[in-house]
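According to my numbering, the residues represented by the sequence shown are 27 to 442, in order. Note that beta-carbon positions come from the ideal geometry of N, C-alpha and C, so glycine has one too. Inspection log for the structure reproduced underneath, given as structure tokens.
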Amino acid sequence: GYHLLVGKVDPVQLDSNWNLDYTIGDLDSAVAMATAIDNGSVDQLIDRLRPQHPFYSKTRAALARYRDLRQQGGWETVAEGPVLKPDMQDTRVAQLRQRLAASGDMPGHDLLSTQFDAEVEAGVKHFQRRHGLDADGIVGKATLDALNVPVQARINQIRVNLERARWVLHKLPNEFVLTDIAGFNVSYFRDGSLIWESRAQVGKPYRRTPVFRSQISYLEINPTWTIPPTILKNDILPRVKKDPEYLRKKNMRVLTFSGEPVDESRIDWSQYPGKSFPYMIRQGPGPQNALGRIKFMFPNKHLVYLHDTPSKSLFGRTARAFSSGCIRVENPFRFGELLLNAPEWDQGKIQAVVEGGKTTRVSLKQPVTVILLYWTVSTDEAGNVIFRNDIYNRDAPVLAGLQEPFHFRKSPVLKP
Numbered sequence: 027g028y029h030l031l032v033g034k035v036d037p038v039q040l041d042s043n044w045n046l047d048y049t050i051g052d053l054d055s056a057v058a059m060a061t062a063i064d065n066g067s068v069d070q071l072i073d074r075l076r077p078q079h080p081f082y083s084k085t086r087a088a089l090a091r092y093r094d095l096r097q098q099g100g101w102e103t104v105a106e107g108p109v110l111k112p113d114m115q116d117t118r119v120a121q122l123r124q125r126l127a128a129s130g131d132m133p134g135h136d137l138l139s140t141q142f143d144a145e146v147e148a149g150v151k152h153f154q155r156r157h158g159l160d161a162d163g164i165v166g167k168a169t170l171d172a173l174n175v176p177v178q179a180r181i182n183q184i185r186v187n188l189e190r191a192r193w194v195l196h197k198l199p200n201e202f203v204l205t206d207i208a209g210f211n212v213s214y215f216r217d218g219s220l221i222w223e224s225r226a227q228v229g230k231p232y233r234r235t236p237v238f239r240s241q242i243s244y245l246e247i248n249p250t251w252t253i254p255p256t257i258l259k260n261d262i263l264p265r266v267k268k269d270p271e272y273l274r275k276k277n278m279r280v281l282t283f284s285g286e287p288v289d290e291s292r293i294d295w296s297q298y299p300g301k302s303f304p305y306m307i308r309q310g311p312g313p314q315n316a317l318g319r320i321k322f323m324f325p326n327k328h329l330v331y332l333h334d335t336p337s338k339s340l341f342g343r344t345a346r347a348f349s350s351g352c353i354r355v356e357n358p359f360r361f362g363e364l365l366l367n368a369p370e371w372d373q374g375k376i377q378a379v380v381e382g383g384k385t386t387r388v389s390l391k392q393p394v395t396v397i398l399l400y401w402t403v404s405t406d407e408a409g410n411v412i413f414r415n416d417i418y419n420r421d422a423p424v425l426a427g428l429q430e431p432f433h434f435r436k437s438p439v440l441k442p
């Protein structure tokens, strides 16, 4: 019961920035457990202690299916060799057929055929979509590697994500925005229903998008962008050093920390980034702005937020870890309209303000919770299990914690 309520692994021990802890407000759960033991209704109580969210129940069902697969022997590997393509004849295609049939990606007949026909191609594409791969129907290295991940590794991946669910899926608010970092996706829920969803671009592996919870309080149309210190030092200053026209090309200005303009011609750029830069650099609003035409603000120490982007072509990629930590969303005007939830702020009005060019802040009537999470497993509406690449290598520490003997968390579970 303890593990179902708060998880076995303490996320605070894995991530010092963690602020999503669920705590039990009183001893009701402990009393309920004692009562259930006395009257023999422990099973019913256990069901109630699990996160009451569709993600959890669907992922538990996926775990059961993959454990059944393990009981049946799992699947055989597909041998290394040349790329397998439609219309090929190859003895390895029979292995491919058997592998795809084992995981339910294609029907289980003609399993000894060596012909890469349309049915095999459809099965490969189905498998690729379930594993975050480009669905081209061709078995190259990335697809072969995913095919040959053992069933036990997939079971472990599912277990890790069930643990993450136990950390955060209790007592969610009626309205919240969920950013799935490893899934490159942002979803908006209201009254238990999904009302908006968008592809997203997240932080590169060396500039990771953090996991935390906050509240969106306002949005800004035609935003400026004050360059964060890390990006200023590692990206902007080296570019200015190489190209004196870089700031002008990118609509950027050098300012004092009180916002006063600085004569850039008097700055000795050769000293930077080796020396501490005594100013800030701000990019003006417009089509080149790194935040696009609208940003969605929520307080956090990471200087991370949701925003539009001029790099829209990158949404067409399957893996989308391209940003410096912020979350770029594909359909930001519709998102803004839904967040504001006011007739005077429809997409047409937002677009009109954009065209006016003036930086405009609009506050939400009520702040909306935003949760940034990291899921490497999910399920789709058809019940298919979706596996994602562990882009930040966060699964292994959780799995290691799950393998340890029982122990109580170091961080508090009961509210004081």
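Which residue or residues does DSSP assign as beta-bridge partners of residue i?
i       : result
Trp-222 : Tyr-214
Pro-176 : None; Pro-176 has no bridge partner.
Gly-166 : None, per the DSSP bridge assignment.
Arg-279 : Arg-308
Ser-240 : Val-396
Pro-405 : The amino acid occupying residue 405 in the given sequence is Thr; Pro does not appear at that position. DSSP, once it has assigned bridges, lists Val-411 as partnering Thr-405.
Gly-229 : Ser-349
Val-203 : Tyr-214 and Val-396
Thr-117 : Paired residue(s): none; Thr-117 is not in a bridge.
Thr-252 : Arg-308
Glu-246 : Lys-321 and Arg-387
Pro-287 : Leu-281
Gln-141 : Gln-115
Leu-110 : Val-165
Within the same chain, show all residues whose beta-carbon is closer than 6 Å to that of residue i, passing over the 5 residues directly before and after it, in chain order.
i       : result
Asp-334 : Gly-318, Arg-319, Ile-320 and Pro-358
Lys-267 : Trp-295
Pro-367 : Position check: residue 367 holds Asn in this sequence, whereas Pro was assumed. So the list is empty, once near-sequence residues are dropped.
Thr-205 : Val-212, Ile-353 and Leu-398
Ser-224 : Val-212, Val-355, Glu-356 and Asn-357
Gln-241 : Phe-324, Pro-393 and Thr-395
Pro-236 : Asn-43 and His-328
Ser-389 : Tyr-244
Ala-128 : Trp-101
Gly-166 : Val-109
Gln-429 : none
Asp-416 : Thr-402
Lys-84  : Thr-405
Please look up how many angstroms separate the CB atoms of residue i and residue j, rounded, as I've assumed it's under 8 Å.
i       : j       : result
Arg-239 : Asn-45  : 6 Å
Ile-207 : Leu-398 : 6 Å
Gly-209 : Arg-414 : 6 Å
Gln-183 : Thr-405 : Actually they are not in contact, since the Cβ atoms of Gln-183 and Thr-405 sit about 13 Å apart, beyond 8 Å.
Val-228 : Arg-420 : Not confirmed; about 13 Å, so no contact.
Val-379 : Ile-181 : Contact doesn't hold; Cβ gap of about 50 Å is too wide.
Pro-249 : Pro-311 : 6 Å
Leu-364 : Trp-222 : 5 Å
Val-177 : Arg-96  : 5 Å
Lys-275 : Gln-309 : At roughly 11 Å, the Cβ-Cβ gap does not stay under 8 Å, so Lys-275 and Gln-309 are not in contact.
Asp-162 : Phe-142 : Between Phe-142 and Asp-162 the Cβ distance is about 13 Å, and since that is not below 8 Å, they are no contact.
Arg-156 : Asn-315 : Between Asn-315 and Arg-156 the Cβ distance is about 36 Å, and since that is not below 8 Å, they are no contact.
Arg-234 : Tyr-92  : Going by Cβ atoms, the distance from Arg-234 to Tyr-92 rounds to 28 Å, so no, they are not a contact pair.
Output needed for residue i: all residues of its chain with C-beta closer than 8 Å, excluding positions within five of it in sequence on either side, in chain order.
i       : result
Val-146 : Pro-112, Val-119, Leu-122, Arg-123, Leu-126 and Met-132
Pro-287 : Arg-279, Val-280 and Leu-281
Val-424 : Val-35, Leu-40, Val-186, Glu-189 and Arg-190
Lys-338 : Glu-356
His-79  : Ala-191, Leu-195 and Leu-198
Ile-376 : Ile-247, Ile-320, Phe-359, Gly-362 and Glu-363
Gly-107 : Asp-116 and Arg-118
Trp-371 : Gly-362, Glu-363 and Val-388
Ile-164 : Val-109, Leu-110, Lys-111, Pro-112 and Val-150
Taking 7 Å as the limit between beta carbons, can you name the residues of its chain near residue i, skipping five residues before and five after?
i       : result
Tyr-331 : Lys-321, Phe-322, Met-323, Phe-324 and Cys-352
Leu-159 : Ala-168, Thr-169, Ala-172 and Thr-344
Ile-262 : Ile-253 and Ile-307
Val-104 : Arg-118, Gln-121, Leu-122, Arg-125, Leu-170, Leu-173 and Asn-174
Leu-340 : Gln-227, Arg-346 and Phe-348
Lys-259 : Pro-299
Gly-130 : none
Pro-464 : Here the chain has residues from 27 to 442 only, and residue 464 is not among them.
Leu-53  : Unreliable positioning characterises Leu-53 in this predicted model, as indicated by a pLDDT of 46, which lies under 50. A coordinate reading is not provided.
Tyr-272 : Arg-265 and Val-266
Is the Cβ of residue i closer than 9 Å to any Cβ of chain C?
i       : result
Asn-315 : Included in the structure is just one protein chain, with no chain C present.
- prompt: Taking the runs of the alpha helix (DSSP H) that are 4 residues or longer, which of them lie wholly in the region 316–387?
  reply: 358–366 and 373–382
task: Specify whether the region 188–196 and the region 384–391 touch according to this definition: at least 3 beta carbon pairs, one from each stretch, less than 8 Å apart.
output: no
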